[in-house]
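Below you'll find the structure, written out as structure tokens, and then a few comments.
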Amino acid sequence: MLVSRYVRPRLTTVRYPIVTMATQAAELALALADNRPLPEITNVFSPTLVRRHSVSTPSLEASHHATSD
């Protein structure tokens, strides 16, 4: 369940390639269970920043209140 779909303002999130990561993890687990050699390759998964309404520049009014306190 993605909480970011149900809250306001819509939250900025980080997305990972979960299906790819899970597939590769399962393949490695099966190889270990079968005593097969593991590949020498290291995988690096890059996240994607999903910008939503929780990331924005402050409004002029909000900036004024912050400096006048």
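Residue 110 in my numbering sits at position 56 of the sequence shown, with consecutive numbering throughout.
Think of the CB as a built atom: it goes at the ideal place given N, C-alpha and C, for glycine as much as any other residue.
Since the structure is predicted, the reported quantities are computational estimates derived from the model, not experimental observations.
From the listed residues 73, 95, 80, the smallest Cα separation to residue 88 is found for 80. The beta carbon of residue 75 sits closer than 7 Å to those of 99, all from its chain and outside the five residues before and after it, given in chain order. The C-beta separation of residue 77 from residue 108 comes to about 31 Å, leaving the pair out of contact by the 8 Å criterion. The beta carbon of residue 64 is closer than 7 Å to those of 58, 106, 107, 108 in its chain, skipping five residues each way along the sequence.
Here residue 69 has 102, 104 as same chain residues with Cβ atoms under 6 Å from its own Cβ, once five neighbours each way along the sequence are excluded.
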